[in-house]
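Novice: Residue numbers (our numbering), protein chains in the order written: chain A, 3 to 335; chain B, 387 to 655; chain C, 62 to 577. Below is the structure I would like to discuss, written out as structure tokens.
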Amino acid sequence: MKYFGKKLITLIMTLFLVSVAAFLAFQVIPGDVVTSILGTEATPEREEQLREELGLNDPPAVRYFHWITGVLQGDLGVSYRYSKNMNEMMPVAELIGDKLPVTLWLAAVSLVFIVAVSIPLGVLWAGLSDAAHGRRGGMLARVGHILDAALGVVTQATMAVPSFFLGILVTYLLGIVLGLFAPGGYVSYQENFAGFLVYLIFPALSIAIPKIAMTSRFLRNSMLTELSADYVRTAYSKGTSKRRVMYGHVLRNAMMPVVTFLGMIVAEIVAGSIVVEQVFGLPGIGRLLISSISTRDFPVVEILILYITFVVIFVYFLVDILYRVIDPRISGT
Amino acid sequence: MKQSGSGKWNKYFVAGLFMTGLAVLLGIVGFFWTPYSTTEMSAAEKFAAPSMQHLFGTDNFGRDIFSRVMQGLGTTISISSLVVLCSGSVGILLGAVTGYFGGLLDEVVMRITDALNGFPSILLTLVIISVLGSGRQNVIISLGLVFVPSFVRIVRSEFIRLRDMDYIKRARLMGVGKLRILFVHILPNIFSVFWVSVMIGFNNAILAESGMSYLGIGVQPPDASLGKMLSDAQGYLQSAPWYALAPGLTIVWVVLGFSLFSEGIRRNQ
Amino acid sequence: MKTSFHRKKKLSGLLFVALLIMAVLGGCADGTGESSGDNSSKEPKGSVVVGIQQDIDSLDPHKATAAGTKEILFNIFEGLVKPDENGNLIGAVASDYTISEDGLIYTFTLRENVKFHNGNAVTAEDVKYSLERVSGLLDGTPLISTLSTIQAVDIVDEKTVQVTVGSANTELIYSFVAAIIPAGSGETTEATPVGTGPFSFVSYKPLEGIVLAKFADYWQEGLPYVEEVNFKIVNSADTALMELQGGTIDLYAYLTDSQAQALKDSHQVIASPSNVVQALFLNNAVAPLDDVRVRQAILYALDKEEINDFVGGGSGTLISSAMLPTLKDYYADLNDTYGTKANVDKAKELLADAGYSNGFDLEIAIPSNYEFHMQTGEVVVEQLKAVGINATIKAVEWGTWLDEVYNGRQYAATISGITCDMTPGYLLNRFQTTSKKNFINFANEEYDELYVKAQETLNLTEKAEYYKQLQKILCDEAGSAFLQVPANMTAINKELSGYKFYPIYVQDMSTVYFQK
């Protein structure tokens, strides 16, 4: 319990530091939102009017205090840039709420791919490796050896492909050459959910492929480690069938670190989808973040930074807790 | 478990050395000489397909893509080296002091590195770049900052492990100075572990640098950078696919080379 | 004396002082110069998706400043007058107008049967409200600076509105394109924009786009043809290309040259002059650019033909001063002054004269969201290298550019484009020494005096002459390196017809229809 408390305090501290840092960063940044909104046709009167409207004339500390107390009460503020119906500015919550499903679904579809492919692949691979290094030898061992090495090379190479290049490759090969989808033809999830999911397959593939390589390697190594454990030998010597040993004991134990590994991948996808959203023109929070930074829409940027940080460290936190709950051998540092 | 590829010159090491060596060589040569000018434009040679004259073809300004890839490699590798050098040095310094002495300083530094670690690196670089502006120097600064925490952690945990070793305890009893213990007695013994994290860091730096220039916040044109070339090429995928493939595959080549190389080193140990 | 609005040539030659303009309007409501005469093909049907580059900055037509927003709002709102595809003004909410001899009183006659999207007929009250709102008479904040000269808006009768202005200006009439909105709707127009245009507002989503629907009661009989127009924000020119190929957008107006090449078989690809003046702007107050010889050397060093070839496929129009060639009566062709090819020897000679025989460093700030300017930058850097000038590119975000370059004037050189309206003096105005918009710090007394004279005269021929002299001074003094008026490369779905090209930034969807 003491450990959880300590972790929780770290989590809150981190969020606090991030909020201050995010807020301060945008005080020194060059570029003023007012000129950004009004462009080259600005008149001093309009500038002053707008500055007053947006509350930009208060000192930074006051604005931080207003902002953070608002956030804690669930009021995320309003965008400088986007206006909403009834002649008022768009609440940040609504703006993000509209874009968030795109990013979350992208993460979800990617995760489905990762789990669906990497776990069978990892198990199969571990089996192959085990056969290849087994004492029995013969054809099976030789084939196993070749496949094992081939998978090693393929996954290693796949892990070296940056997601933006993979996105371009997917666009080129699946979109332009094979014509499986219309690149850039994003369908809004509110209009046509099925079409939306179909389009998401391709960006999700770009995210998933390197992670599949990583996860299956991880699972394979994890399983091989388990296979060399004492209890496996004991099980064999007791006459338990190979299949039962493999799936009953080894897989279950080997999955534990894999689950935590997947947790970290989720965090990585949420933060890392910024680039892939850019490649595929998805209106998710990554694109919102980049466009908000260039238009100086600080309320949106600050909340997005806080939000993404929160998701990432919260997932890490959960993974950490989960790990300790499953495996009591690991005690506090 | 006995690995097939162990030994000083295992397969990973050889393949990695070859790939990395070739890339580094091309990059270094690219600083001094390229087959064609990297900036000279020629309207007559726009979008020439790969050929004997132009190994990787030419781009929308008729520039030789191979020459630009060489220059881009030099840029990417030099930036990544500097990033690792900077963040590695800071990491050693902070990790050594906090790991060896512990106490309040340790607590403060660890909380900050925790916070930085929780902060997704791409976000952090985006924010730093939007504050500092884009350009080579700022890329190094922002990536350097992003990479410090991982080095601090590795070095710190190694120092914690080694500070209670018998030979260190003995040295302390003999009245050896603290700095001497830190940097003469302990430091050389963490290099085997540190080296692997340097290689991983280097790889991540290459990916991060090219990602940044892909997003347009890295090195500025007309200097060639692999990521920027890739984003420029995206619009010509249909008419000139080689334009995107050349820089993209080069990034893959370098990253793969380094990961094989570090895998090879790891298996040596 | 009478003349019709769409015959500007004749108009511009006449003495303005004695001019009584009576416009005969609305006669050309249908089939304005369209080649296809097959009426059966113009069945009202279908939905058109238009790709746009930027997000909307405001749905309030009086507050919107971005050109990318105005091109869309053109379909929702109309002013008393509006531009046509030839760059002339035609009547919209007003059917005709007169201007008093001293140029101080504008009398507008409202068109019969013009309705707002909410079904109400446009009244003199609505016009009065709209003009008072933009001129600042309503709350003291002028929303359109040129119209702040309006002193009073009086309703003469139900169909007649009289506007009194503070000073005579032959170019003021162009500002009456300002949207007419229902009286009192200023507070709600941002949320529920209501105008008199051919399309009514349906919905808007940030980062995604804006949807408009056909307005059945539009005053131009038979228009528009299509049921729905969806202006969709595309991520970048690259995705626009893919979307055009994939058929998810029907029309996109800002293609690069190579993209246009890629699309020429599958789409109708048409180049038309834009209303953007692209230049390498030089900060006249920063050393060594404060030396006119250095600036002239840069102008000699540049090869405009090559720039046009590389970034525009040769489709742009080369210029040497601040005037759109499409404004024929006012444009002075000064391309011979420095030539359109590079003159390296002359440039080096001037640099040596100025004491920079070894060249110098020059940082060019370019807004990074404009791929066209970034590419131009790469070519310019290469050309300047040939005369020993070591130029570097500094990509800045649009917000930073506005703040540091445009407003702060903290820069040496920048490549950018200025979007012009149809007012001939629009571009020249900003280069007066004390103008707030004079971000290149151009300072020339003769220029300032001439500009004042040009504004004072009510004689259009004289005015045109002054404008030509102003362009010459700007060019001779090498105020900046004006490069070209890029072409808009527009790709249109082959099934679409009737799209009209405007010399200004407008996407008129009212005349578009599906063939078949």
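Yeah, the Cβ is synthetic: ideal placement off N, Cα and C, and Gly gets one too. Since the model is a prediction, treat every value here as computed from it, not as a measurement.
Determine whether the beta carbon atoms of L312(C) and V109(C) lie at a separation below 9 Å.
Specialist: Here residue 312(C) is taken as the residue at index 251 of the third sequence, counted from 1. Here residue 109(C) is taken as the residue at index 48 of the third sequence, counted from 1. Yes.
Novice: Does DSSP put V448(C) in a helix, a strand or coil?
Specialist: Counting from 1 along the third sequence, the entry for residue 448(C) is found at position 387. In this structure, V448(C) counts as coil in the three-state DSSP scheme.
Novice: In terms of residues, what are the limits of the beta strand (DSSP E) holding T168(C)?
Specialist: Start at 1 with the first residue of the third sequence, and residue 168(C) comes out as number 107. Note, T168(C): beta strand (DSSP E), 166-171.
Novice: By the 10 Å Cβ neighbour count, where 16 or more other Cβ atoms means buried, how is E458(C) classified, buried or exposed?
Specialist: Against the third sequence, residue 458(C) aligns to sequence position 397. The residue is buried, with at least 16 neighbouring Cβ atoms inside 10 Å.
Novice: Rounded to a whole number of angstroms, what is the C-alpha to C-alpha distance between L631(B) and L612(B)?
Specialist: Along the second sequence, one-based indexing puts residue 631(B) at 245. Along the second sequence, one-based indexing puts residue 612(B) at 226. One C-alpha to the other measures close to 11 Å.
Novice: Please report the distance separating the alpha-carbon of D60(A) from that of I554(B).
Specialist: Translated into the one-based positions of the first sequence, residue 60(A) becomes position 58. Translated into the one-based positions of the second sequence, residue 554(B) becomes position 168. Rounded to whole angstroms, D60(A) to I554(B) spans 57 Å at the Cα level.
Novice: Inspect the beta-carbon positions of F575(C) and G540(C) and report whether they are closer than 9 Å.
Specialist: For the purposes of this step, residue 575(C) is identified with residue 514 of the third sequence, where counting begins at 1. For the purposes of this step, residue 540(C) is identified with residue 479 of the third sequence, where counting begins at 1. No, these two residues do not count as a Cβ contact at 9 Å.
Novice: DSSP on S112(A), reduced to helix/strand/coil?
Specialist: If you number the first sequence from 1, residue 112(A) lands on position 110. Helix at S112(A).
Novice: Less than 9 Å between the beta carbons of V314(A) and A273(A), yes or no?
Specialist: On the first sequence, residue 314(A) is found 312 positions in, with the first residue counted as 1. On the first sequence, residue 273(A) is found 271 positions in, with the first residue counted as 1. Closer than 9 Å, so yes.
Novice: Rounded to whole angstroms, how far is the Cβ of I214(A) from the Cβ of S120(A), which I believe are closer than 8 Å?
Specialist: The count along the first sequence starts at 1 and reaches residue 214(A) at position 212. The count along the first sequence starts at 1 and reaches residue 120(A) at position 118. With a Cβ gap of about 5 Å, I214(A) and S120(A) count as contacting.
Novice: In whole angstroms, what is the alpha-carbon distance linking V111(C) and E132(C)?
Specialist: If you number the third sequence from 1, residue 111(C) lands on position 50. If you number the third sequence from 1, residue 132(C) lands on position 71. Cα to Cα, the separation comes out at about 11 Å.
Novice: State yes or no: is the beta carbon of L489(C) nearer than 9 Å to at least one beta carbon in chain A?
Specialist: The residue you call residue 489(C) lines up with position 428 of the third sequence. No - not a single Cβ of chain A is within 9 Å of the one on L489(C).
Novice: Relative to the alpha-carbon of V287(C), which residue among Y265(C), F260(C), G449(C) has its alpha-carbon at the smallest distance?
Specialist: One-based indexing of the third sequence puts residue 287(C) at position 226. The residue with the shortest Cα to Cα distance from V287(C) is F260(C).
Novice: Run through DSSP, which three-state label would S381(C) get?
Specialist: Here residue 381(C) corresponds to residue number 320 of the third sequence, with the count starting at 1. In the structure shown, S381(C) sits in coil (DSSP, three-state: anything other than H, G, I, E or B).
Novice: What residues in the stretch 253-278 of chain A bring their beta carbon closer than 7 Å to a beta carbon of chain B?
Specialist: Going along the stretch 253-278 of chain A in chain order, one finds A273, G274, I276, V277 with a Cβ nearer than 7 Å to chain B.
Novice: By the criterion of Cβ-Cβ separation under 8 Å, what are the contact partners of N499(C) in chain A?
Specialist: Within the third sequence, numbered from 1, the residue matching residue 499(C) stands at position 438. Ordered by position in chain A, no residue passes the 8 Å Cβ test against N499(C), which lies about 12 Å from the chain.
Novice: Using DSSP with H/G/I as helix, E/B as strand and the rest coil, what is A482(B)?
Specialist: Locating residue 482(B) in the second sequence gives position 96, counting from the first residue. Here A482(B) sits in helix by DSSP.
Novice: Run through the stretch 203-228 of chain C for me and flag every whole alpha helix (DSSP H) of 4 or more residues, listed as ranges in chain order.
Specialist: Segments of the alpha helix (DSSP H) lying fully in the stretch 203-228 of chain C: there are none.
Novice: Strictly by DSSP, which residues pair up with N575(B)?
Specialist: Residue mapping note: residue 575(B) aligns to position 189 of the second sequence, counting from 1. BP columns for N575(B) are empty, so no partner.
Novice: Below 8 Å on the Cβ atoms is my guess for T594(C) versus G148(C); work out the distance and round it to an integer in Å.
Specialist: Because chain C here runs from 62 to 577, residue 594(C) falls outside it and cannot be looked at.
Novice: DSSP three-state call for N520(C): helix, strand or coil?
Specialist: By 1-based counting over the third sequence, the position of residue 520(C) is 459. In the structure shown, N520(C) sits in a strand (DSSP, three-state: E or B).
Novice: Applying the criterion that 16 or more other CB atoms from any shown protein chain within 10 Å of the CB defines a buried residue, is K389(C) buried or exposed?
Specialist: The residue given as residue 389(C) occupies position 328 in the third sequence. Exposed, since its Cβ has fewer than 16 Cβ neighbours within 10 Å.
Novice: Tell me which residue opens and which closes the alpha helix (DSSP H) that G152(C) is part of.
Specialist: Working through the third sequence from its first residue, we reach residue 152(C) at position 91. Counting along the chain, G152(C) falls outside any alpha helix (DSSP H), though it belongs to the beta strand (DSSP E) covering 150-152.
Novice: Going by DSSP, what residue range makes up the alpha helix (DSSP H) through D370(C)?
Specialist: Along the third sequence, read from residue 1 onward, the residue named residue 370(C) stands at position 309. Element bounds for D370(C): 365-373.
Novice: Compare the C-alpha of L568(B) against each of M585(B), G587(B), I546(B), F452(B) and name the closest.
Specialist: For the purposes of this step, residue 568(B) is identified with residue 182 of the second sequence, where counting begins at 1. Selected option, being the one with the closest Cα: I546(B).
Novice: Can you check whether the CB of T160(A) is closer than 9 Å to the CB of I209(A)?
Specialist: The sequence position of residue 209(A) within the first sequence is 207, counting from 1. The sequence position of residue 160(A) within the first sequence is 158, counting from 1. Not closer than 9 Å, so no.
Novice: Got a sec, what are the start and stop residues for the alpha helix (DSSP H) S617(B) sits in?
Specialist: Residue numbering aside, residue 617(B) sits at position 231 when the second sequence is read from its first letter. Per DSSP, S617(B) belongs to the alpha helix (DSSP H) from 612-619.
Novice: Return no unless some Cβ of chain C is closer than 9 Å to the Cβ of F183(A).
Specialist: Taking the first residue of the first sequence as 1, we reach residue 183(A) at position 181. Output row for F183(A): interface = yes.
Novice: Where are the alpha helix (DSSP H) runs, 4 residues long or more, that stay fully inside the stretch 124-202 of chain A, in chain order?
Specialist: List check, alpha helix (DSSP H) in window: 140-161, 165-172.
Novice: Beta-carbon within less than 8 Å of I565(C)'s beta-carbon, same chain only, minus the 5 sequence neighbours each way: which residues are those?
Specialist: Looking up residue 565(C) in the third sequence gives position 504. So the qualifying residues of the chain are P144, G148, N336, C481, D482, M483.
Novice: Among A542(C), I160(C), T221(C), N174(C), which has the Cα closest to the Cα of E186(C)?
Specialist: One-based indexing of the third sequence puts residue 186(C) at position 125. Answer by Cα proximity: T221(C).
Novice: What's the call for I14(A), buried or exposed, on a 16-neighbour Cβ count within 10 Å?
Specialist: For the purposes of this step, residue 14(A) is identified with residue 12 of the first sequence, where counting begins at 1. Result: exposed.
Novice: Give the C-beta separation of V175(C) and V188(C) to the nearest angstrom, bearing in mind that I take them to be a contact with Cβ-Cβ under 8 Å.
Specialist: The residue labelled residue 175(C) in the question sits at position 114 within the third sequence. The residue labelled residue 188(C) in the question sits at position 127 within the third sequence. Actually they are not in contact, since the Cβ atoms of V175(C) and V188(C) sit about 10 Å apart, beyond 8 Å.
Novice: My understanding is that V302(A) touches A269(A), with C-beta atoms under 8 Å, so please give their C-beta distance in whole angstroms.
Specialist: Taking the first sequence and counting its residues from 1, the one referred to as residue 302(A) is at position 300. Taking the first sequence and counting its residues from 1, the one referred to as residue 269(A) is at position 267. The pair is not a contact, with the Cβ atoms about 21 Å apart (cut-off 8 Å).
Novice: Starting from M550(C), follow the beta strand (DSSP E) in both directions and report where the run begins and ends.
Specialist: As a working mapping, residue 550(C) is identified with position 489 in the third sequence. M550(C) -> beta strand (DSSP E) spans 548-553.
Novice: Does DSSP classify S333(A) as helix, strand or coil?
Specialist: Along the first sequence, one-based indexing puts residue 333(A) at 331. Unreliable placement is indicated for S333(A), whose pLDDT of 44 sits below 50; the coordinate value is still reported in the next sentence. Reduced to three states, the DSSP call for S333(A) is coil.
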